[in-house]
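Written out below as structure tokens is the structure these notes cover.
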Amino acid sequence: MSLRAQIMDDLKAAMKAGQSEKVAQIRGITAKLKDLEVAARAKSGEVTEADMISALRSMIKSRTESANMYRQGGRPELAEKEEGEIATIQSYLPPELDENTLKAAIDEAVTAVGAAGMKDMGKVMAVLKERFGADLDPAKASGLVKARLAA
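Here our numbering is used: the first residue of the sequence shown is 80, the next is one more, and so on.
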């Protein structure tokens, strides 16, 4: 089942169950995906699953930042709302690679491209993106690549 179909099925189920908060969260996701499609149409392109996953990851990043700001500002109820949205969005992402697998893949990529320092980070990230595609969390991977190349 495609990601879009899964999201729409979950939206229908939440509506039937009367889960108004979950309905609102899923509608936020569908709005973001609709924006992607509109932007792609303007460029006469197609929205891929990888594009959708990338958009979902960016939504999580912005909500994580918002939740942190709400906690710092003494608004835990708003932070909890953001964290609920994060949990809903994460349910549509592929499972994250465990850190050991990712470190092993980074070591292989460094060896494959002959990376000698930070200037080769882009080459290593390109190999990882090619290998794992949408399953790769670029933020997590880049931090580990930086640590590996700095060592």
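Ideal placement from N, C-alpha and C gives every residue a C-beta, glycine not left out.
For residue i, collect the residues of the same chain with a Cβ closer than 6 Å to its Cβ; drop the 5 residues on either side in sequence, then sort them by chain order.
| i | result |
| --- | --- |
| A146 | A158, E161, E162 |
| K202 | V192 |
| S170 | none |
Output needed for residue i: all residues of its chain with C-beta closer than 8 Å, excluding positions within five of it in sequence on either side, in chain order.
| i | result |
| --- | --- |
| S81 | E128 |
| R83 | L112, M131 |
| A213 | E128, A129, I132, S133, P173 |
| P155 | Y149 |
| M197 | K225, L228, A229 |
Provide the residue span of the alpha helix (DSSP H) that contains residue i, from first to last.
| i | result |
| --- | --- |
| M138 | 128-151 |
| S99 | 99-121 |
| D88 | 82-96 |
| S221 | 217-229 |
| G163 | 155-169 |
For residue i and residue j, which I take to be in contact (beta-carbon distance under 8 Å), what is that distance rounded to the nearest angstrom?
| i | j | result |
| --- | --- | --- |
| I165 | R142 | 5 Å |
| V102 | A93 | 5 Å |
| M138 | I168 | 5 Å |
| A119 | E125 | 6 Å |
| I105 | D89 | 6 Å |
Leaving out five residues before and five after residue i in sequence, what residues of the same chain have Cβ atoms less than 7 Å from its Cβ?
| i | result |
| --- | --- |
| R150 | A158 |
| A194 | K202, V203, L228 |
Cβ contact (3+ pairs, closer than 8 Å) linking the segment 206-225 and the segment 178-197: yes
Touching by the beta-carbon criterion (3+ pairs, under 8 Å), the segment 200-219 and the segment 132-140: Yes, since at least three Cβ pairs between the segment 200-219 and the segment 132-140 fall closer than 8 Å, the two stretches touch.
Whole runs of the alpha helix (DSSP H) within the segment 192-217, excluding any shorter than 4 residues: 200-211
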